[in-house]
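Quick mapping for you: the protein sequence lines, in order, are chains A and B. Under my numbering, the residue at position 58 of the first sequence is numbered 64, and the numbers go up by one with no gaps. Under my numbering, the residue at position 32 of the second sequence is numbered 38, and the numbers go up by one with no gaps. Ideal Cβ positions, reconstructed from N, Cα and C, are used throughout, including at glycine. For clarity, every value in this text was computed on a predicted model and none was experimentally measured. The structure under discussion appears below in the form of structure tokens.
There are 2 protein chains.
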Amino acid sequence: MGKQMTEMLKGTLEGIVLAFLTGNPAYGYEITAWLRSQGFTEIAEGTVYALLVRIEKNGLVDVEKRPSEKGPPRKVYSLNADGEKHLEEFWTTWGFLAERLENLRTEGK
Amino acid sequence: MGKQMTEMLKGTLEGIVLAFLTGNPAYGYEITAWLRSQGFTEIAEGTVYALLVRIEKNGLVDVEKRPSEKGPPRKVYSLNADGEKHLEEFWTTWGFLAERLENLRTEGK
DNA sequence: ACCAGTACATAGTAGCGCTGAGTAGTGGCT
DNA sequence: AGCCACTACTCAGCGCTACTATGTACTGGT
């Protein structure tokens with residue numbers, strides 16, 4: 007969707023992935039495929055893996071390695087307590103921003 | 007509001023300012039004050055001025071210098087045709103993103 | 001032997017907002 | 001006169017995130 011989307015995804019992509027992971031452990035390839043199915047067709051694989059490395063380093067997810075029927079072993083990520091807390095804060099921040107923008111869009115100014 | 011907000015503002019702050027400028031020419035100091043009044047209390051002055059320089063360079067706004075009663079002359083920015091078009095695209099992009107996130111928040115996943 | 005699909009990794013780049021400092025003009029207070 | 005607060009703009013350097021491009025590795029079909 008272009009440069010605007012790229013910039014707008016900064017900060018939100020992490021929240022999107024954390025939200026997807028809620029009660030739904032998944033691995034990188036799967037997450038990428040899901041994002042594409044949601045309309046985020048231009049999100050590069052590398053972006054997702056880098057994000058997963060980051061949230062793991064930040065202690066928001068737990069990781070488990072599982073063999074795959076086809077291809078290399080999968081790294082399955084699941085949200086932990088810190089991740090849930092982080093996700094809650096994400097929703098608060100996003101809620102604030104979305105509210106301001108909705109006002110701007112409807113009120114005109 | 008912290009680091010999450012900083013990241014999330016990337017891409018959206020420009021849209022917010024362009025939206026404010028719609029039919030409402032304004033100068034930097036004024037825009038900063040307005041943002042603060044809207045709850046964006048942590049947005050630095052430098053950020054706004056840098057953004058204004060950028061959108062001017064990108065040809066989204068017209069600029070007019072006007073003397074001020076108090077302090078240095080003001081640079082008054084007004085949205086031009088390109089800026090309006092850019093703003094429209096911004097709303098499209100944001101609308102897409104907001105819809106996905108709203109689904110994620112309510113549906114659970 | 002080759003290729004498509006699955007699955008992960010990573011070095012380098014671009015863009016945006018933040019930090020921190022500086023420059024300048026006006027007016028009020030002591 | 002000297003100081004400070006407020007108004008108003010500028011800029012170099014930094015941190016973070018997403019993108020680009022490429023590479024590795026395993027499986028199954030032809």
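Proximity to residue i [Cα-Cα], best of the options
| i | options | result |
| --- | --- | --- |
| GLY21/B | GLU108/B, GLY101/B and ARG106/B | GLY101/B |
| GLU95/B | ARG111/A, GLN44/A, GLU95/A and GLU105/A | ARG111/A |
| GLU76/A | THR12/A, TYR35/A and MET14/A | Residue 76/A is actually Lys in this sequence, not Glu. When each option's Cα is compared against that of LYS76/A, the closest is TYR35/A. |
| LEU92/A | ARG106/A, THR18/A and GLN10/A | First, the amino acid is wrong: residue 92/A is His here, not Leu. The residue with the shortest Cα to Cα distance from HIS92/A is THR18/A. |
| PRO73/A | MET14/A, TYR33/A, GLY45/A and THR38/A | TYR33/A |
Contact check, residue i vs residue j, beta carbons under 8 angstroms
| i | j | result |
| --- | --- | --- |
| VAL82/B | LEU57/B | no |
| LYS71/B | PRO79/B | yes |
| LEU4/B | GLY29/B | Any property of residue 4/B remains undetermined from this structure, which presents chain B solely from 7 to 115. |
| THR38/B | GLU51/B | yes |
CA-to-CA distance, residue j to residue i, given in whole angstroms
| i | j | result |
| --- | --- | --- |
| ASN86/A | LEU27/B | 43 angstroms |
| GLY68/A | GLU62/A | This sequence places Asp at residue 68/A; Gly is not what is there. Roughly 7 angstroms between the two C-alpha positions. |
| VAL54/B | GLU108/A | 21 angstroms |
| PRO31/A | SER84/A | 4 angstroms |
| ASN64/A | LEU103/A | 24 angstroms |
| ARG106/A | THR12/A | 21 angstroms |
| LEU41/B | LYS9/A | 24 angstroms |
| LEU15/A | MET14/B | 8 angstroms |
| TRP97/B | GLN44/A | 19 angstroms |
| THR99/B | THR99/A | 19 angstroms |
| PHE46/A | PHE46/B | 28 angstroms |
| VAL59/A | GLU113/B | 27 angstroms |
Residue i (DSSP reduced to helix, strand or coil)
| i | result |
| --- | --- |
| GLU75/A | coil |
| LYS120/B | The question about residue 120/B has no answer, for chain B in this structure spans 7 to 115. |
| ARG111/B | helix |
| ALA50/A | coil |
| THR98/A | helix |
| THR38/B | helix |
| GLY8/B | coil |
In DSSP terms, what residue i is bridged to
| i | result |
| --- | --- |
| ASP68/A | SER84/A |
| TYR33/A | VAL82/A |
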